[in-house]
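A quick write-up on the structure given underneath.
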Amino acid sequence: MNNTRVPVVAVHNDPVTLSCATSCAALSLPLPQREGWGEGCDRQSTAIILPFSLRENETWKRLHNALLTTLLLLLLLGLSACGGGSTTQNPNTSGPTAQDYTGPAASTADVQAFKLNVWDNLRSSNRCGACHGAGGQAPNFVRQDDVNLAYAEANPLVNLSSPADSRMVVKVAGGHNCWLQSSAACGAVLTAYITAWAGGSVGGPAKQIQLVAPPIKDAGASKSFPADSSLFASTVHPLLKAHCAGCHTDTSATPQAPFFAVSDAASAYAAVTSSHKIDLDTPANSRLVVRLRDEFHNCWSDCQSNADEMLAAVTAFANGVPVTPVDPALVISKALKLTDGIIASGGSRNVSNVIALYEFKTGTGNTAYDTSGVEPALNLTLSGDVGWVSGWGIDVRNGKAQGTTAASSKLSKLIKATDEYTIEAWVVPANVTQEGPARIISYSGGTTARNFTLGQTLYNYNFLQRSSNTDGNGQPALSTADAAERLQATQQHVVVTYTPTQGRRIYVNGVDIGDQDPVAGGSLSDWDDSFAFVLGNEVSGDRLWQGKLRMVAIHNRALTPEQIMQNYKAGVGEKYYLLFDVSTLVNLPQSYILFEVSQFDNYSYLFLNPTFISLDPTVTPGTIPLRGLRIGINGKLAKVGQSYSELDTAITTAQYSSSGQQLSDLGAVIASEKGADADEFFLDFESLNGHDNVVTEPVPLQPPPPADSAPVADIGVRTFDAINATMAVLTGVSQTDSNVKTTFDTIKQQLPTVANIEGFVSAQQVAVAQLAIEYCNALGDDTTLRAGYFPSLDFTANASTAFADSTGRNKLIDPLLTRMLGSNIATQPDSTSVRTELDSLIVKLTPCSGSCGTRTVTIAKAACAATLGSAAMLVQ
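Our numbering puts the sequence shown at residues 5 to 880.
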């Protein structure tokens, strides 16, 4: 058996690995050609990766059984599947770590940086040590005998100025010997290792973006999805409705979006186009076809026959869509797809001392990978209703993303070592009504114990942290001020930092919000390393936060204000620099209009910072007039989102620099049509350097007048906070009065939350009356306050004396009407009618047959509450 190479099948987890391509031929099995083929350890072995989900597929079961049977025969017969040569085993991805290094010391500081950041992380047998050590496969960049020789082998494989472009990274990200389930995640981790080597941990490395010329291609005629769904209804929809309704409808037992199998063709069409399931240009690449043909997903009989049937339907639909030619009158740039651009994500972002990093690039599966490169990797498992966001991110709707306690312990260990840290995140809260606080990012053991938490309460961010000066639940918290409303339901860069000297600080969109930590900084020595790190919820699952997370990073140092602003300006998400060639229009070499473009969400693109630039450093533009820039997509101008149509400027030598000349600080959101891989963009100009085209804006369709709806009241009611504030002003009693505050906190949720008077119910009036009674009670009990409010009323007199006639009663009524009723207000009650009602109330309450010493104060409280709790205060 020494000269026999045999296939090896991993019957656990996901992969099925064959030692070489000819093994497939030896097995005589119809193995699909998949993107999983990749180089093995000795550059001869190859692998097929079959998803775990196929284990329940009948085709997979037959294939798996046949594989095992054939492999046993091969082992028994000693079949040589790949010819001669020694036996080569696949890398052990769960093997022991490498032994401590005993070779020569690093000869330079750079060699030592390489050792600490790259060599130490890759030398183990479950990474690169199984192949690329001394005597193994060249290059030997993790050889154990001499780190200096390993350093020499590694240098040609890396690009220290752009770590992501390193040959080593490209290889691993392409699937070569990745130790995770996601090759992209392996590539990101390896990028982090090389970045740390390139910049070191002192001073903070920053990624830099290099502009290079894009491919030159003309904007071509293209197909776009028709607005009408009738063609879809007669071609693709019948198949989807017949065979996919078990899952892809909102009424199925196991509803799974997108709902393209619902019976209504228009709704199904909207779902299938918005999720980019059909490729009009290459129907065979449509996801509806690929899922059946290559992934054997939900086949209703034979997968290949079903895929052919779906392909025929999609092709019929695509053939019925006319080609949209580019208008020859347009003055246009060259064309680009998003993938033709230069990846700009994370450009110039400070990544110093990052110990956990989530950029959410994977886009599929249930794992959010920690790509910081700091072991152990704190990968998070997505559970519940948590989806992926195009352009990198996760959307927490009703679930969480949580790491293991063992992996989470690195946060406690590494942060306690420095006694300071930073939590950095790009967040998009779903609303401003979440309370709890709802947990955005937490390192905790439940609802009452934590090391730290970044949370949301309505418009506020909350920062809770355990220290020697706070309790085990991180209280008292540092929160943004209520009145400032710092948290908004939009994308925000939120950073919280902690140091023993400065305590806790909160930054929103690069700016210190200025709220002071209620306690001094303390020690973190009592942090609990048995807690778990979690996003979007509490570990117990009962403090849900809803919204999107685009990036999360934990640093074990406090970022400086300058570094925080730098990271805010760097932005977030999958971004590209698109260089639209205009060289022939401006008669200058290598001249472009540069845009920063990202996937704004699953349905649109965000264009930012249009800049004229030439990659030729000798170019001086002179004066180039530019007017009316518009963005085109798939052969036509976008119908909406043309923010630059009113642009009227000139590119001049005086304003131009080596980084170009920015043309506008506006942004434009352009709707996606075919998806990021297929949509093609170009620019059009009304006038550029003497090339003119008069653009006539389309006349917008006027919608029909709306039908008459039910009458709406001209008046509304004050909401809970407004009611509380109004009563405080009308009585002079502070909202912080202990009895008033207790009552308000108790009945707050019973008070009106919207101004719509149609929704006002009797239970809300009861709550208004309760709060009015409490305010008037506080007014009556405060001798100084009541004397100033009712200056003519003698509260020491017996009620029968004080209110014996109308003159005495008016001493109580007049101040109430003056303070609470107002004047010259059309919708207020008539003062005469109110006076009559209050007078009648006082007369009824005055008689007393027992002890009546405080009767005058009690009557004053009653008259006050009747006025304060009335429509005079409530209606607006």
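Just so it is clear, CB atoms sit at the ideal spot from N, CA and C, and this is done for glycine as well.
Cα atoms of Pro-108 and Asp-124: separation of roughly 15 Å, rounded to the nearest angstrom.
Contact between Pro-522 and Leu-482 holds, since their C-beta atoms are separated by about 7 Å, short of 8 Å. If the five residues before and after Thr-319 are omitted, its C-beta is found closer than 7 Å to the C-beta atoms of Pro-287, all from its own chain and listed in chain order.
If you draw a straight line from the Cα of Gly-784 to the Cα of Thr-862, it comes to about 8 Å. In the three-state reduction of the DSSP assignment, Ile-220 falls in the coil class, being assigned neither a helical nor a strand state.
The C-beta distance from Ser-691 to Gly-632 rounds to 7 Å, short enough to meet the 8 Å contact threshold. Rounded to whole angstroms, Val-216 and Pro-756 show a C-alpha spacing of 59 Å. Secondary structure note for Arg-297: its alpha helix (DSSP H) is the uninterrupted segment 291 to 297. Judged by DSSP secondary structure, His-247 falls within the alpha helix (DSSP H) whose first and last residues are 241 to 247.
Take Asp-374, set aside five residues on each side of it, and the residues of its chain with a beta-carbon closer than 7 Å to its own are Ala-360, Leu-361, Tyr-362, Ala-381, Leu-382, Asn-383, in chain order.
Around the Cβ of Pro-819, a 10 Å sphere holds 16 or more other Cβ atoms; the residue is buried.
When Cβ pairs closer than 8 Å are counted between the two stretches, the region 555 to 564 is seen not to touch the region 477 to 495, the count staying below three. Inclusion of Ile-445 and Leu-539 in the CB contact set at 8 Å is warranted, their separation being smaller than that value.
Three or more Cβ pairs closer than 8 Å define a contact, and the region 309 to 317 falls short of that threshold against the region 606 to 617. The region 621 to 637 makes contact with the region 584 to 595; the number of CB pairs closer than 8 Å reaches 3 or more. Taking every protein chain shown into account, the CB of Leu-667 has 16 or more other CB atoms within 10 angstroms, so this residue is buried. Of the other Cβ atoms in all chains shown, fewer than 16 fall within 10 Å of the Cβ of Gly-857; this residue is therefore exposed. A contact between stretches requires three or more CB pairs, one per stretch, nearer than 8 Å, and the region 758 to 768 meets this requirement with the region 707 to 724. Residues Glu-778, Asn-781, Ala-782 of the same chain have their beta carbon placed closer than 8 Å to that of Asn-743, with the five preceding and five following residues left out of the count. As a beta-bridge residue in DSSP terms, Lys-227 pairs with Val-327. DSSP lists Phe-456 as the beta-bridge partner residues of Gln-469. With respect to the 8 Å criterion, Ala-269 and Ser-233 are classified as neighbours on the basis of their beta carbons. DSSP places Met-731 in the uninterrupted alpha helix (DSSP H) bounded by 724 to 735. Sequence-distant Cβ neighbours of Ile-727 in its own chain, meaning closer than 8 Å and more than five residues away, are Leu-755, Pro-756, Val-772, Leu-775, Met-877, Leu-878. Excluding sequence positions up to five before and after Lys-640, its CB lies within less than 6 Å of the CB of Thr-328, all in the same chain and listed in chain order. Shown here, Trp-392 sits in a strand according to DSSP, grouped into three states.
In the structure shown, the three-state DSSP call for Trp-549 is coil. When C-alpha distances from Ala-485 are compared across Asn-455, Gln-520, Gly-478, Ala-249, the shortest belongs to Gln-520.
In this chain, the beta strand (DSSP E) harbouring Arg-631 covers 627 to 637. With respect to the C-alpha of Ala-442, the residue from Lys-414, Ile-419, Leu-468 having the closest C-alpha is Leu-468.
DSSP places Ser-837 inside the alpha helix (DSSP H), whose first and last residues are 835 to 849. For Pro-819, the enclosing alpha helix (DSSP H) covers residues 810 to 820. A check of alpha carbon separations from Val-390 across Ala-806, Glu-379, Ser-376, Thr-368 identifies Thr-368 as the nearest.
Lys-579 counts as buried, since at least 16 other C-beta atoms from the protein chains shown sit within 10 angstroms of its C-beta.
With a cutoff of 8 Å on beta-carbon distance, Pro-621 and Ser-649 are scored as not near each other.
Only exposed fits Glu-439, as fewer than 16 other CB atoms lie within 10 angstroms of its CB.
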